[in-house]
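>
There are 2 protein chains.
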Amino acid sequence: MTTEYFREQLKLKGLKVTPQRVAIFEAVANLRNHPTADHIIDYIKNNHPNISVGTVYKVLDSLVENQLLKKVKNEKDVMRYDAILQQHHHLYCSKTDQIEDFVDYELDKIITDYFSKKKIKGFKVKEISLQITGEFNNNSIHTK
Amino acid sequence: MTTEYFREQLKLKGLKVTPQRVAIFEAVANLRNHPTADHIIDYIKNNHPNISVGTVYKVLDSLVENQLLKKVKNEKDVMRYDAILQQHHHLYCSKTDQIEDFVDYELDKIITDYFSKKKIKGFKVKEISLQITGEFNNNSIHTK
DNA sequence: TGCTCAAAGATAATAATTCTCTTTTAGTAA
DNA sequence: TTACTAAAAGAGAATTATTATCTTTGAGCA
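So this is what it looks like as structure tokens:
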């Protein structure tokens, strides 16, 4: 995914295209495994040694507001971020706190079908995501 | 649910039965809608005006460790606690940040069946919970 | 009834995030 | 191309949730 793509996305949302925004957006997309603000800051410091922590938080918030990123949290630790590319679920490793994306259209269809038949009274469903907790049972590094 | 029940539960886990532990455990069970540590402290201060914040956090941690409580988090705010241990899902209101339990055995069966057929490579599933985001479309207060 | 270790209390420390205020800059229009 | 302006970035203080440390208390048991 090219830098131009990120610039485009920002423009489409009516956001000013600043080097910081591009860098942060790119960082979240490139850093797999749902980086924390801290991970992002580390990563960016290479090219933007003077970036301010406050800026990173502010940019992350505005990217989330504009639905270019998503926040992800498990029960254990701090806020993490995810570049939304498609509907997906999360695998949480209860041992290592690793978070990994899980995409499964067949499953999505089953769940969508289920909720189109069975409504929840007093609640309008917008989005469903599964939190699948368990353990990675090998030591392969699940990065793409 | 009587106080005696909470004392029993603590004993069964080999935890010393202290007034603070009973009060905190009871508070989480009585306070619906997944209280934060702060909610719990407020609630408890009525009967235990001198309880220490550190104690509340320590007790909550040990109750979670002993599987008498669960931690719940959404993308927005601080850690919340849940006294319900039966398998259930959560409805998150994107407007009000309200969290509500959602129990649906039929759905659970569908999902369990699905994952018993289709394995995720390299990952051993322990628990699946749905995060259903949407909006409560009436102003009924969803407490029992 | 007294002993002992775990738990509670008090409060300092830490860490993540937000806020405030100043400076800079992207986008726009002359 | 330059100048203008509002929005964004920078700097660092402030806030908030949570954890850690150390002392005192009390639950469970001999």
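So the protein sequences, as listed, match chains F and L. Going by our numbering, the first sequence opens with residue 39, and the numbers climb by one from there. Going by our numbering, the second sequence opens with residue 39, and the numbers climb by one from there. For every residue, glycine included, the Cβ atom is placed at its ideal position computed from N, Cα and C. The structure displayed is predicted, hence computed values, not measured ones.
1. So residue 166(L) and residue 140(L) are in contact, right, with Cβ under 8 Å, and what is the actual spacing, rounded?
2. Could you tell me whether the segment 151 to 158 of chain F touches the segment 40 to 54 of chain L, where touching means 3 or more Cβ pairs closer than 8 Å?
3. Assess contact between the segment 89 to 103 of chain F and the segment 60 to 68 of chain F, defined as three or more Cβ pairs (one per stretch) separated by less than 8 Å. Is contact present?
4. In the DSSP assignment, what are the bridge partners of residue 154(L)?
5. Is it buried or exposed for residue 206(F), if we count other Cβ within 10 angstroms and need 16 for buried?
6. Given that a residue counts as buried once 16 or more other Cβ atoms are within 10 Å of its Cβ, and exposed if not, what is residue 56(F)?
7. In chain L, what lies closer than 9 Å to residue 175(F) by C-beta?
8. Of the choices 101(L), 118(L) and 103(L), whose alpha-carbon is the least far from that of residue 109(L)?
9. Taking the straight line between their C-alpha atoms, what separation do you get for residue 142(F) and residue 88(F)?
10. With C-beta atoms as the reference, is residue 103(L) less than 7 Å away from residue 131(L)?
11. Should residue 103(L) be flagged as near chain F, meaning a C-beta pair shorter than 7 Å?
12. Excluding the 5 residues flanking residue 136(F) on each side, which residues of the same chain have their C-beta closer than 7 Å to its C-beta?
13. Exposed or buried, residue 123(F), counting other C-beta atoms within 10 Å across all chains shown (16 or more means buried)?
14. Helix or strand or just coil, what does DSSP make of residue 118(F)?
15. Could you check which residue in 159(F), 126(F), 133(F) and 162(F) has the C-alpha nearest to that of residue 147(F)?
16. Less than 7 Å separating the beta-carbons of residue 106(L) and residue 58(L)?
17. Could you tell me which residues DSSP puts in a beta bridge with residue 64(F)?
18. Is it buried or exposed for residue 120(L), if we count other Cβ within 10 angstroms and need 16 for buried?
19. Could you tell me the boundaries of the alpha helix (DSSP H) in which residue 79(F) lies?
20. Closer than 7 Å by beta-carbon distance: list the chain F residues that pair up with residue 58(L), in chain order.
21. What is the C-beta distance between residue 168(F) and residue 168(L), in whole angstroms, given that I count them as a contact (C-beta under 8 Å)?
22. Take residue 79(L) and list the residues in its own chain whose beta-carbon comes closer than 8 Å to its own, dropping the five residues that flank it on each side.
23. With a threshold of 7 Å between beta carbons, is residue 64(F) in contact with chain L?
24. Here's the rule: buried if 16 or more other CB atoms are within 10 angstroms of the residue's CB, otherwise exposed. What is residue 164(L)?
25. Within the 7 Å Cβ cut-off, does residue 171(L) reach chain F?
26. Less than 7 Å between C-beta atoms, sequence neighbours within five positions excluded: which residues of the same chain meet that for residue 39(F)?
27. Starting from residue 92(F), follow the alpha helix (DSSP H) in both directions and report where the run begins and ends.
28. So, with DSSP's three-state summary, where would you put residue 47(F)?
Quick answer:
1. Taking the second sequence and counting its residues from 1, the one referred to as residue 166(L) is at position 128. Taking the second sequence and counting its residues from 1, the one referred to as residue 140(L) is at position 102. Between residue 166(L) and residue 140(L) the beta-carbon gap is near 13 Å, outside 8 Å, which marks them as no contact.
2. Contact fails between the segment 151 to 158 of chain F and the segment 40 to 54 of chain L, because fewer than three Cβ pairs, one in each stretch, are under 8 Å apart.
3. yes
4. Locating residue 154(L) in the second sequence gives position 116, counting from the first residue. As DSSP reads the structure, residue 154(L) sits in no beta bridge.
5. Since the displayed chain F opens at 39 and closes at 182, residue 206(F) lies outside it and no answer follows.
6. Locating residue 56(F) in the first sequence gives position 18, counting from the first residue. Result: exposed.
7. The residue labelled residue 175(F) in the question sits at position 137 within the first sequence. Here the neighbours are 160, 161 and 162.
8. Within the second sequence, the letter at position 71 stands for residue 109(L). Of the listed residues, the one whose Cα sits closest to residue 109(L) is 118(L).
9. Start at 1 with the first residue of the first sequence, and residue 142(F) comes out as number 104. Start at 1 with the first residue of the first sequence, and residue 88(F) comes out as number 50. Straight-line Cα distance between these residues: approximately 40 Å.
10. Along the second sequence, read from residue 1 onward, the residue named residue 103(L) stands at position 65. Along the second sequence, read from residue 1 onward, the residue named residue 131(L) stands at position 93. Contact: no.
11. Your numbering for residue 103(L) matches position 65 in the second sequence. Not closer than 7 Å to any Cβ of chain F, the Cβ of residue 103(L) fails to qualify, so no.
12. As a working mapping, residue 136(F) is identified with position 98 in the first sequence. Taken in chain order, the residues that qualify are 71 and 174.
13. Working through the first sequence from its first residue, we reach residue 123(F) at position 85. Exposed, by the Cβ-count rule.
14. Working through the first sequence from its first residue, we reach residue 118(F) at position 80. Strand at residue 118(F).
15. Taking the first residue of the first sequence as position 1, residue 147(F) is located at position 109. Nearest option by C-alpha distance: 126(F).
16. Residue 106(L) sits at position 68 when you count from the first residue of the second sequence. Residue 58(L) sits at position 20 when you count from the first residue of the second sequence. No. Outside cutoff.
17. Here the question's residue 64(F) lines up with position 26 in the first sequence. In the DSSP output, where bridge partners are listed per residue, residue 64(F) has none listed.
18. For this step, residue 120(L) is matched to residue 82 along the second sequence. Classification of residue 120(L): buried, given that the 10 Å Cβ count is 16 or more.
19. Looking up residue 79(F) in the first sequence gives position 41. 75 to 83 is the span of the alpha helix (DSSP H), which, as asked, contains residue 79(F).
20. Taking the second sequence and counting its residues from 1, the one referred to as residue 58(L) is at position 20. Going along chain F, no residue has its Cβ under 7 Å from residue 58(L), so there is no contact; the nearest lies around 23 Å.
21. Stepping through the first sequence from its first residue, residue 168(F) is reached at position 130. Stepping through the second sequence from its first residue, residue 168(L) is reached at position 130. Under the criterion of beta carbons closer than 8 Å, residue 168(F) and residue 168(L) qualify as touching, at roughly 6 Å.
22. Position 41 of the second sequence, counted from the start, is the residue given in the question as residue 79(L). So the qualifying residues of the chain are 89, 91 and 94.
23. The count along the first sequence starts at 1 and reaches residue 64(F) at position 26. So, not an interface residue.
24. The residue labelled residue 164(L) in the question sits at position 126 within the second sequence. It counts as exposed.
25. The count along the second sequence starts at 1 and reaches residue 171(L) at position 133. Yes, contact with chain F.
26. Within the first sequence, the letter at position 1 stands for residue 39(F). 67, listed in sequence order.
27. As a working mapping, residue 92(F) is identified with position 54 in the first sequence. Residue 92(F) -> alpha helix (DSSP H) spans 91 to 103.
28. By one-based count along the first sequence, residue 47(F) stands at place 9. The three-state secondary structure of residue 47(F), taken from DSSP, is helix.
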